[in-house]
Structure formats: structure tokens, C-alpha cells
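Undergrad: Going from the sequence shown to our numbering is simple: count from 1 and add 10. Glycine residues also receive a C-beta, built at the ideal position from the N, C-alpha and C atoms.
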Amino acid sequence: MPRALRSLIRAIAAFGLAISLSAHAAGVSKADAQKVRAVIQAQLAAFAADDARRAFSFAAPGIRQMFGTPQRFLDMVREGYPVVYRPASVGFLKPEANGRTVIQAVEMADGEGTLWVAVYQLERHKGAWRITGCELVPSDGKVI
Numbered sequence: 011m012p013r014a015l016r017s018l019i020r021a022i023a024a025f026g027l028a029i030s031l032s033a034h035a036a037g038v039s040k041a042d043a044q045k046v047r048a049v050i051q052a053q054l055a056a057f058a059a060d061d062a063r064r065a066f067s068f069a070a071p072g073i074r075q076m077f078g079t080p081q082r083f084l085d086m087v088r089e090g091y092p093v094v095y096r097p098a099s100v101g102f103l104k105p106e107a108n109g110r111t112v113i114q115a116v117e118m119a120d121g122e123g124t125l126w127v128a129v130y131q132l133e134r135h136k137g138a139w140r141i142t143g144c145e146l147v148p149s150d151g152k153v154i
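#1: Quick check on S99: does DSSP put it in helix, strand or coil?
#2: Can T142 and A70 be called in contact, C-beta distance under 8 Å?
#3: Give the secondary structure of A55 by DSSP, where H, G and I count as helix, E and B as strand, and everything else as coil.
#4: Mind pulling the beta strand (DSSP E) runs of 3 or more residues that sit fully within the stretch 117-146?
#5: Helix, strand or coil for S67, going by three-state DSSP, please let me know.
#6: Skipping 5 residues on each side, what residues in its chain have a beta carbon closer than 7 Å to that of V100?
#7: Looking at F66 and V94, is the spacing between their C-beta atoms short of 8 Å?
#8: Let me know the secondary structure DSSP gives P105 once reduced to three states.
#9: Is V49 helix, strand or coil when you go by DSSP?
#10: How many angstroms separate the CA atom of P105 from the CA atom of V112?
#11: If you compare alpha carbons, which of I73, A98, C144 and Y130 is closest to G123?
#12: Closer than 7 Å by C-beta to A52: which residues in its own chain qualify, once you throw out the five before and the five after it? Chain order, please.
#13: What are the residues that DSSP puts in a beta bridge with I4?
#14: Candidates P80, P92, R47 and K40: which alpha carbon is nearest Q131's?
This is the structure in C-alpha cells:
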């Protein structure tokens, strides 16, 4: 597939994702934004330390049930989301609320400088924010 066509498809996909997320999006309080960011940062730090148990602790109950063990979860992230497992850089965008869910987009660069946007979904479970999902969207940017 030609590069220009791939870029167009990525741009359309990213635009569609942004539209769907913002359709019912609302602001997030400063306190919740800080807590959501702290959860994602702590999970990224756990990935960097290969601490499967700690990384798994930030996943929502449904995600923990799906993977069963911390090691299986870590293996999935390592193999399926290498930029999340070992980002070269991380930048948090403005979070949005969509009902009970907070959507936190995080721009990440991989080891080759390619930019990605990790779109995290988090919900409150027993008073704490937990990650219910993460979708990785390629970006056309490159870190120089």
C-alpha cells in the first residue's frame, strides 16, 4: 500500500476516533486528571521494571480476569504493545470524561522515533482509577 494512502487511512482513523470520543465527552476535574495520569505513569514504570504484578494491579478487574496472571498480561503488552512496554518518550494530552469512563490519550515515541497515540480508558473501581483498555493508534509524526 502506498505511503500516502496509509497516511490518509491513519488520519481518517484518528479523526474518527477523536470524533467518537468527543461526542459525549466532558471535562475531567483537575484532581481526577492527576489521579488518572498517576495510574498510567505507575503502570509504565512497572513495565519499565518488568514488575508484572505491579503493572497488573492497575488493570481493571475485567482485564485481570481476561489475562488471569500478571505474567500473561506483561507478556501480552511486551509482544502486542512494544511502545507502551518501553516508550522512548511520553506526553499526556488533555483527558476527557465519557460517562463513567475517562479517556486519556498519551503520545508515545518508540525506540525508532515513531510517534503513537495510546488511548487509555479508565474507570473507578472501589474508589481507585483502573485501566479498562488501551488502543494504540499510529501517528504520522516522527521525533527528530
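TA: In short, the structure shows the following:
#1: Strand.
#2: Result yes, Cβ atoms of T142 and A70 sit closer than 8 Å.
#3: helix
#4: Whole beta strand (DSSP E) segments, 3+ residues: 124-135.
#5: helix
#6: L54, V116 and M118
#7: no
#8: coil
#9: helix
#10: 7 Å
#11: Looking only at I73, A98, C144 and Y130, the smallest Cα-Cα distance to G123 is reached by A98.
#12: Cβ neighbours of A52 beyond the five flanking positions: F68.
#13: The question about residue 4 has no answer, for the chain in this structure spans 11 to 154.
#14: R47
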